[in-house]
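Structure, as structure tokens:
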Amino acid sequence: MASDKLDKSYEPAAVERRWYEYWEEEGLFHADPASEKPPYSIVIPPPNVTGQLHMGHALNNTMQDILCRYKRMTGFEVLWMPGTDHAGIATQNVVERQLASEGKDRHDLGREAFIERVWEWRTEYGGKIINQLKRLGASCDWQRERFTMDEGLSKAVREVFVRLYEEGLVYRGDYIINWCPRCHTALSDLESEHEEVSGGLYYIRYPFKSVGGYLVVATTRPETLLGDTAVAVNPDDPRYADLPDDIVLLPLLGRELPIIQDTYVSTEFGTGALKITPAHDPNDFLIGQKHGLPSVRVMDDSGTINEEGGPYAGLDRFEARKRMLEDLEAQDLLENQEEYLHSVGHCYRCKTMVEPILSKQWFVKVAPLAAEALKAVQEGDTRIVPPQWEKTYYEWMTNIRDWCVSRQIWWGHRIPAWYCACGEVIVRRDTPEACPECGNVKLEQETDVLDTWFSSGLWPFSTMGWPEDTPELKKFYPTSCLVTAFDILFFWVARMMMLGIKFMGDVPFKDVYIHALVRDASGQKMSKSTGNVIDPLTVMDDFGTDAFRFTLAAFAAQGRDIKMSEERIAGYRNFVNKIWNAARFTLMNLEDWTPGQAPAGLKLQDRWILSRVGRVADEVAQAIEEYRFNEAASAVYQFVWHEFCDWYLELAKGSLYDEADPTGQAASRTVLAQVFSRVLRILHPFMPFISEELWQRLPGAQGSIMTAPWPAAGPEERDEAAEADMQLVMEVIGGIRNIRGEMGINPGQEVPLVLTPHQDGVADLLEDQAARIMSLAKTSAPAWAAEGSPPAKAASAALPQVTVYVPLEGLVDFAAEEARLAKKLAKLEKEIAPSQKKLANEGFLAKAPAAVVAKERAKVAEAEDKIARVQAGLEQVRSFL
RNA sequence: AGGCACGUAGCUCAGGGGGAGAGCGCCACCCUGACACGGUGGAGGUCCCGGGUUCAAAUCCCGGCGUGCCUACCA
Numbered sequence: 001m002a003s004d005k006l007d008k009s010y011e012p013a014a015v016e017r018r019w020y021e022y023w024e025e026e027g028l029f030h031a032d033p034a035s036e037k038p039p040y041s042i043v044i045p046p047p048n049v050t051g052q053l054h055m056g057h058a059l060n061n062t063m064q065d066i067l068c069r070y071k072r073m074t075g076f077e078v079l080w081m082p083g084t085d086h087a088g089i090a091t092q093n094v095v096e097r098q099l100a101s102e103g104k105d106r107h108d109l110g111r112e113a114f115i116e117r118v119w120e121w122r123t124e125y126g127g128k129i130i131n132q133l134k135r136l137g138a139s140c141d142w143q144r145e146r147f148t149m150d151e152g153l154s155k156a157v158r159e160v161f162v163r164l165y166e167e168g169l170v171y172r173g174d175y176i177i178n179w180c181p182r183c184h185t186a187l188s189d190l191e192s193e194h195e196e197v198s199g200g201l202y203y204i205r206y207p208f209k210s211v212g213g214y215l216v217v218a219t220t221r222p223e224t225l226l227g228d229t230a231v232a233v234n235p236d237d238p239r240y241a242d243l244p245d246d247i248v249l250l251p252l253l254g255r256e257l258p259i260i261q262d263t264y265v266s267t268e269f270g271t272g273a274l275k276i277t278p279a280h281d282p283n284d285f286l287i288g289q290k291h292g293l294p295s296v297r298v299m300d301d302s303g304t305i306n307e308e309g310g311p312y313a314g315l316d317r318f319e320a321r322k323r324m325l326e327d328l329e330a331q332d333l334l335e336n337q338e339e340y341l342h343s344v345g346h347c348y349r350c351k352t353m354v355e356p357i358l359s360k361q362w363f364v365k366v367a368p369l370a371a372e373a374l375k376a377v378q379e380g381d382t383r384i385v386p387p388q389w390e391k392t393y394y395e396w397m398t399n400i401r402d403w404c405v406s407r408q409i410w411w412g413h414r415i416p417a418w419y420c421a422c423g424e425v426i427v428r429r430d431t432p433e434a435c436p437e438c439g440n441v442k443l444e445q446e447t448d449v450l451d452t453w454f455s456s457g458l459w460p461f462s463t464m465g466w467p468e469d470t471p472e473l474k475k476f477y478p479t480s481c482l483v484t485a486f487d488i489l490f491f492w493v494a495r496m497m498m499l500g501i502k503f504m505g506d507v508p509f510k511d512v513y514i515h516a517l518v519r520d521a522s523g524q525k526m527s528k529s530t531g532n533v534i535d536p537l538t539v540m541d542d543f544g545t546d547a548f549r550f551t552l553a554a555f556a557a558q559g560r561d562i563k564m565s566e567e568r569i570a571g572y573r574n575f576v577n578k579i580w581n582a583a584r585f586t587l588m589n590l591e592d593w594t595p596g597q598a599p600a601g602l603k604l605q606d607r608w609i610l611s612r613v614g615r616v617a618d619e620v621a622q623a624i625e626e627y628r629f630n631e632a633a634s635a636v637y638q639f640v641w642h643e644f645c646d647w648y649l650e651l652a653k654g655s656l657y658d659e660a661d662p663t664g665q666a667a668s669r670t671v672l673a674q675v676f677s678r679v680l681r682i683l684h685p686f687m688p689f690i691s692e693e694l695w696q697r698l699p700g701a702q703g704s705i706m707t708a709p710w711p712a713a714g715p716e717e718r719d720e721a722a723e724a725d726m727q728l729v730m731e732v733i734g735g736i737r738n739i740r741g742e743m744g745i746n747p748g749q750e751v752p753l754v755l756t757p758h759q760d761g762v763a764d765l766l767e768d769q770a771a772r773i774m775s776l777a778k779t780s781a782p783a784w785a786a787e788g789s790p791p792a793k794a795a796s797a798a799l800p801q802v803t804v805y806v807p808l809e810g811l812v813d814f815a816a817e818e819a820r821l822a823k824k825l826a827k828l829e830k831e832i833a834p835s836q837k838k839l840a841n842e843g844f845l846a847k848a849p850a851a852v853v854a855k856e857r858a859k860v861a862e863a864e865d866k867i868a869r870v871q872a873g874l875e876q877v878r879s880f881l
């Protein structure tokens with residue numbers, strides 16, 4: 001394999017497909033619960049089965065994959081548990097749309113046939129998102145793929161529901177819930193999204209029955225007055241201190257309504273009189289309960305006025321509003337109306353305006369569960385990263401209301417409750433034969449299904465086989481980390497916390513890493529309607545998966561949203577190509593090489609790069625461990641491009657091409673192979689595909705890079721001396737290049753070089769490195785000048801340890817050199833000013849730590865030295881002019 | 001209304017009490033035997049404003065201004 005020549009640029013498509021298949025065939029993603037290795041586990045946030053991979057998924061799963069691949073390389077038995085969510089309302093909507101295009105609706109099919117149809121849909125299309133995740137390189141254990149509606153998970157759902165019911169934590173009751181008139185189902189508070197809506201505030205007159213006059217009530221939803229059962233005022237409101245002892249008549253319908261007093265009513269808003277509609281407003285419902293008021297429901301499940309609405313029966317809620325306002329106006333009962341901006345709930349799925357409606361629903365009593373979940377984070381059993389989200393979590397866990405878990409749709413886990421004609425409610429794991437109270441065998445099962453988040457709340461343990469006691473649970477629960485965006489912190493994370501603690505007796509994850517949202521280049525949320533969506537699949541087609549993944553990692557700074565742009569991805573595509581070409585160079589030089597230990601007598605650049613690559617491996621490792629993906633990415637980027645490619649490969653050319661020194665050549669080849677192997681391994685968590693492709697081409701490669709050990713080095717492998725010496729060599733070359741560039745010397749033109757060392761050992765070092773300097777800075781062999789007798793007509797660069805002279809007689813205009821040095825001087829003086837100021841400050845000398853003072857002193861001394869040399873150079877140049 | 005972020009180079013953003021950083025863009029030169037998806041050099045910043053703490057503030061605190069987002073039952 002190593003013998004095929006590489007193309008000049010990297011072509012990702014074929015490579016990606018090939019290696020993903022290879023990994024799967026080799027079973028490299030599979031986790032073994034019997035392994036001796038320490039466990040590391042992550043459960044995937046299950047994408048909706050209807051899902052299409054979007055930027056959010058891509059970011060989320062790339063991070064998980066980075067963690068998993070890294071952990072495998074560092075010796076962990078890694079389980080990344082994948083699967084999909086049945087996504088009740090979303091999926092039902094998709095299939096209903098499909099039916100609609102055939103001119104049918106779900107009622108034409110009936111419940112069973114409809115569910116059958118959804119399953120068919122799932123078989124046909126449900127694997128789409130899974131394939132897209134594979135495309136992304138996700139190293140999930142696909143042999144364990146689960147679905148929230150599959151047999152095992154359904155069993156877990158029933159188990160949890162029944163146990164909660166038996167403990168009194170599940171109850172059924174009348175309650176105001178958020179109703180979506182289009183989806184025909186209840187929504188949890190979270191599923192009702194508040195949006196600012198500009199509507200009207202209407203002032204309506206409610207005439208007194210016996211005395212003259214009226215009470216004016218302000219409302220934004222006049223149509224609900226059909227269901228009014230009282231009008232309330234605040235007993236402390238002076239405006240209503242001498243209210244007549246009377247009742248009022250409901251406009252349009254004439255029903256008699258009592259006037260009640262309740263401190264809930266604000267004296268600041270509207271008229272201070274509030275209509276009470278217990279069946280259609282959550283607050284009114286509470287007031288109604290308190291005062292024993294009847295509830296009159298005036299709308300059906302589609303938001304159409306029902307028979308309670310008298311003349312308005314059969315009208316849609318908005319149509320009714322319009323008609324009623326006209327009628328009120330006609331009867332002179334509409335006193336006033338004004339524009340009013342208020343926030344109204346909308347269905348999170350279909351954006352229809354939510355209607356608060358009184359109905360019978362199933363609830364989970366969350367207070368006791370939430371208390372434990374709160375404590376777990378407070379006590380550090382689960383760590384939220386970054387910690388700023390803790391507060392939000394606490395806030396929500398403390399103010400949480402009971403969770404409405406019933407949904408009036410067909411696709412989902414049907415609630416395991418049966419009703420008997422005798423009034424008995426039976427909640428069971430399995431279908432009961434007969435009513436335990438009266439023996440009746442005709443039982444009706446509850447038609448409602450459970451909220452989708454009920455089953456996803458069990459995901460960390462249901463996927464591992466709970467309620468059975470499985471080896472997977474033993475080995476991998478609690479999971480190590482959950483990676484998610486904050487927008488489902490409450491929907492999902494909070495529920496997993498509550499249910500995990502309740503049923504497993506332990507938190508579901510040790511860490512929760514909360515990452516950002518991906519937005520478009522101008523910071524807008526990506527949405528189909530605004531057309532600013534960047535499709536990850538297109539990006540992967542255009543730039544390659546590795547470049548895309550690396551971009552996501554590089555962007556993923558904690559606590560900030562990500563603005564995605566194609567230019568950035570193109571930048572990292574270039575990086576991938578750079579790696580590819582570094583590999584071309586490397587492999588080209590390793591054609592006649594066989595693996596083995598590096599011979600003694602390494603060159604400075606070899607010692608330097610070995611030290612550096614180890615340091616970078618450790619830095620990257622630490623950054624990944626701390627979820628600082630962007631820092632990990634930038635460390636590896638910086639190193640690979642600007643140290644390995646820019647310096648090492650260039651420096652190595654000298655000995656790699658040196659046929660006269662076969663020993664040195666062999667040593668360089670070995671170091672090159674070793675370093676490149678480590679580079680690939682450091683890159684692998686970020687760029688699984690190209691790293692595998694190149695790994696397999698390395699001479700002597702064995703097995704997948706996935707199973708190769710992480711190139712950890714540790715402090716004992718640092719070569720500080722080599723790093724310091726290389727630093728000087730790079731500065732000398734930089735100084736010469738600066739002179740060349742600024743002086744406009746042709747890149748092909750070789751220039752003379754004169755060096756004046758200021759420290760012991762420097763001359764030896766630079767003499768030893770002369771060939772490298774000559775080649776990288778394009779100079780002739782260095783000459784040496786004693787301190788105080790600089791060469792004539794030379795440009796100079798002053799370094800702390802050495803002054804570099806480039807004699808430029810005949811090459812340049814010395815006026816330009818004068819300007820260059822003057823600029824340097826000004827810059828140096830400006831740079832050193834703050835430090836000089838500090839040292840002049842007595843408080844600084846007295847109070848700052850000694851090390852800081854010493855550092856500042858050294859800095860100033862060095863700079864002053866340098867300034868003196870630049871000045872000398874400047875004077876010399878001036879003397880030529 | 002409350003809460004949480006953010007304001008650093010032309011753009012997008014890292015950093016976070018003691019030497020202003022990156023990528024892209026820009027300018028100049030260069031097809032040097034891995035790479036023009038490249039190389040070398042360079043320009044560019046009152047770190048939003050005002051106070052405070054400190055020997056020292058872009059960084060911490062307070063107050064503005066601006067921008068996002070989240071939560072909330074005032075009809």
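Numbering of the first sequence is given in my numbering, commencing with residue 1 and proceeding in unit increments. Cβ atoms here follow ideal geometry from the backbone N, Cα and C, with glycine treated the same way.
Inset, instruction - Could you check how far apart the C-beta atoms of Ser263 and Asp236 are, in whole angstroms? I think they sit under 8 Å. - result: As a working mapping, residue 263 is identified with position 263 in the first sequence. As a working mapping, residue 236 is identified with position 236 in the first sequence. Before going further, note that residue 263 is Thr rather than Ser in the sequence given. That belief holds up - the Cβ atoms of Thr263 and Asp236 are roughly 7 Å apart, short of 8 Å.
Legend entry - First and last residue of the uninterrupted beta strand (DSSP E) at Pro356: Here residue 356 corresponds to residue number 356 of the first sequence, with the count starting at 1. From DSSP, the beta strand (DSSP E) with Pro356 extends over 355-364.
Inset, instruction - Return the CA-CA distance between Glu424 and Lys563, expressed in angstroms with no decimal places. - result: One-based indexing of the first sequence puts residue 424 at position 424. One-based indexing of the first sequence puts residue 563 at position 563. One C-alpha to the other measures close to 56 Å.
Inset, instruction - Kindly indicate which three-state DSSP category Ser343 falls into: helix, strand or coil? - result: In the first sequence, the residue the question calls residue 343 occupies position 343. Secondary structure of Ser343 (DSSP, three-state): strand.
Legend entry - Residue from Val853, Phe363, Ile832 whose Cα sits closest to the Cα of Glu842: Taking the first residue of the first sequence as 1, we reach residue 842 at position 842. Considering only alpha carbons, the answer is Val853.
Inset, instruction - Check whether the Cβ atoms of Val507 and Gly500 lie closer than 8 Å to each other. - result: As a working mapping, residue 507 is identified with position 507 in the first sequence. As a working mapping, residue 500 is identified with position 500 in the first sequence. Closer than 8 Å, so yes.
Legend entry - Simplified DSSP state of Ser480, which is helix, strand or coil: Translated into positions along the first sequence, residue 480 becomes position 480. If DSSP states are grouped into helix, strand and coil, Ser480 belongs with the strands.
Legend entry - Residues of its chain near Asp546, where Cβ-Cβ distance is below 6 Å and the 5 sequence neighbours each way are ignored: Position 546 of the first sequence, counted from the first residue, corresponds to residue 546. Setting aside the 5 residues that flank it on each side, Asp546 is surrounded in the same chain by Val576, Met687, Phe689, Ile690, each with a C-beta closer than 6 Å to its C-beta; the list follows chain order.
Legend entry - Leu881, buried or exposed, once every other Cβ within 10 Å from all chains shown has been counted against 16: Residue mapping note: residue 881 aligns to position 881 of the first sequence, counting from 1. It is exposed - the Cβ of Leu881 has fewer than 16 other Cβ atoms within 10 Å.
Inset, instruction - Give the range of the alpha helix (DSSP H) segment to which Leu200 is assigned. - result: By 1-based counting over the first sequence, the position of residue 200 is 200. Per the sequence shown, the amino acid found at residue 200 is Gly instead of Leu. That residue, Gly200, is in no alpha helix (DSSP H); its beta strand (DSSP E) goes 192-207.
Legend entry - beta strand (DSSP E) segments (min. 3 residues) lying fully within the stretch 62-96: Complete beta strand (DSSP E) runs here, min 3: 77-81.
Inset, instruction - Going by CA-CA distance only, name the one from Phe161, Cys180, Pro181 that's closest to Arg172. - result: Position 172 of the first sequence, counting from 1, holds the residue named residue 172. Sorting Phe161, Cys180, Pro181 by C-alpha distance to the C-alpha of Arg172 places Phe161 at the top.
Inset, instruction - Have a look at Asn738, Asp469, Asn93, Pro752 and flag the residue whose alpha-carbon is nearest the alpha-carbon of Leu821. - result: Position 821 of the first sequence holds residue 821. Ranking Asn738, Asp469, Asn93, Pro752 by Cα distance to Leu821 puts Asn738 first.
Legend entry - Segment contact, 8 Å Cβ cut-off, at least three pairs: the stretch 337-354 with the stretch 182-195: Touching, yes.
Legend entry - Glu198 burial status per 10 Å Cβ neighbour count (16 or more: buried): Taking the first sequence and counting its residues from 1, the one referred to as residue 198 is at position 198. Sequence check: residue 198 is Ser here, not Glu. It counts as exposed.
Legend entry - Presumed contact (8 Å Cβ cut-off) between Tyr206 and Val231, rounded CB distance: Your numbering for residue 206 matches position 206 in the first sequence. Your numbering for residue 231 matches position 231 in the first sequence. Between the beta-carbon of Tyr206 and that of Val231 there is about 6 Å, and that keeps the pair under the 8 Å contact cut.
Legend entry - Candidates Thr707, Gly88, Glu308, Ser139: closest to Asp451 by CA position: What you label residue 451 is simply residue 451 of the first sequence in a count that begins at 1. The option with the nearest alpha carbon to Asp451 is Gly88.
Legend entry - Opening and closing residue of the alpha helix (DSSP H) in which His291 lies: If you number the first sequence from 1, residue 291 lands on position 291. His291 -> alpha helix (DSSP H) spans 282-291.
Inset, instruction - Note down the Cα distance separating Gly310 from Asn178, rounded to an integer number of angstroms. - result: Counting from one through the first sequence, the residue named residue 310 turns up at place 310. Counting from one through the first sequence, the residue named residue 178 turns up at place 178. In this structure, the alpha-carbon of Gly310 lies about 24 Å from that of Asn178.
Legend entry - Bounding residues of the alpha helix (DSSP H) (the contiguous stretch that carries Asp865): The sequence position of residue 865 within the first sequence is 865, counting from 1. 850-880 is the extent of the alpha helix (DSSP H) around Asp865.
Legend entry - Residue environment, Lys5, which counts as buried when at least 16 other CB atoms sit within 10 Å: For the purposes of this step, residue 5 is identified with residue 5 of the first sequence, where counting begins at 1. The residue is exposed, with fewer than 16 neighbouring Cβ atoms inside 10 Å.
Inset, instruction - Pick helix, strand or coil for Thr224, following the three-state DSSP scheme. - result: Taking the first residue of the first sequence as 1, we reach residue 224 at position 224. In the displayed model, Thr224 falls within a helix according to three-state DSSP.
Inset, instruction - Determine contact between the stretch 319-330 and the stretch 211-222, defined as no fewer than three beta-carbon pairs at a distance below 8 Å. - result: In the pairwise beta carbon analysis, the stretch 319-330 is classified as touching the stretch 211-222: at least three pairs are separated by under 8 Å.
Inset, instruction - Please find out if some non-hydrogen atom of the ligand NAP comes closer than 7 Å to the beta-carbon of Leu333. - result: As presented, the structure is devoid of all ligands, the ligand NAP included, so that no description of it is given.
Inset, instruction - Determine the DSSP secondary structure at Lys104, reduced to helix, strand or coil. - result: To locate residue 104, count along the first sequence from 1; it is residue 104. Three-state DSSP puts Lys104 in coil, outside helix and strand.
Inset, instruction - Compute the distance between the beta-carbons of Ser668 and Ser677, then report whether it is under 8 Å. - result: Position 668 of the first sequence, counting from 1, holds the residue named residue 668. Position 677 of the first sequence, counting from 1, holds the residue named residue 677. Contact flag unset, no.
Legend entry - Rounded straight-line distance, which links the Cα of Glu25 to that of Glu11: On the first sequence, position 11 is the one that residue 11 refers to. On the first sequence, position 25 is the one that residue 25 refers to. So the two alpha carbons sit approximately 23 Å from each other.
Inset, instruction - Compute the distance between the beta-carbons of Met63 and Phe629, then report whether it is under 8 Å. - result: Walking along the first sequence from the start, residue 63 turns up at place 63. Walking along the first sequence from the start, residue 629 turns up at place 629. A contact, by the Cβ cut-off of 8 Å.
Inset, instruction - Check whether the Cβ atoms of Ala186 and Ser455 lie closer than 8 Å to each other. - result: Within the first sequence, the letter at position 186 stands for residue 186. Within the first sequence, the letter at position 455 stands for residue 455. The Cβ atoms of Ala186 and Ser455 do not sit closer than 8 Å to each other.
Legend entry - Continuous alpha helix (DSSP H) stretch holding Pro460: start and end: Sequence index remark: in the first sequence, residue 460 carries index 460 (1-based). Unbroken alpha helix (DSSP H) run through Pro460: 459-462.
Inset, instruction - Let me know the secondary structure DSSP gives Met299 once reduced to three states. - result: Walking along the first sequence from the start, residue 299 turns up at place 299. The answer is strand: DSSP assigns Met299 an E or B state.
Inset, instruction - Can you tell me which of Arg106, Glu116, Asp85 puts its alpha carbon nearest to the alpha carbon of Arg146? - result: Along the first sequence, read from residue 1 onward, the residue named residue 146 stands at position 146. With respect to the C-alpha of Arg146, the residue from Arg106, Glu116, Asp85 having the closest C-alpha is Asp85.
Legend entry - 8 Å Cβ cutoff met for His194 and Gly345: As a working mapping, residue 194 is identified with position 194 in the first sequence. As a working mapping, residue 345 is identified with position 345 in the first sequence. Result yes, Cβ atoms of His194 and Gly345 sit closer than 8 Å.
Legend entry - Cβ contact (3+ pairs, closer than 8 Å) linking the stretch 750-761 and the stretch 769-782: The stretch 750-761 vs the stretch 769-782: in contact.
Legend entry - At least three beta-carbon pairs within less than 8 Å, the stretch 140-159 to the stretch 14-31: Yes: the two stretches touch, three or more of their Cβ pairs being nearer than 8 Å.
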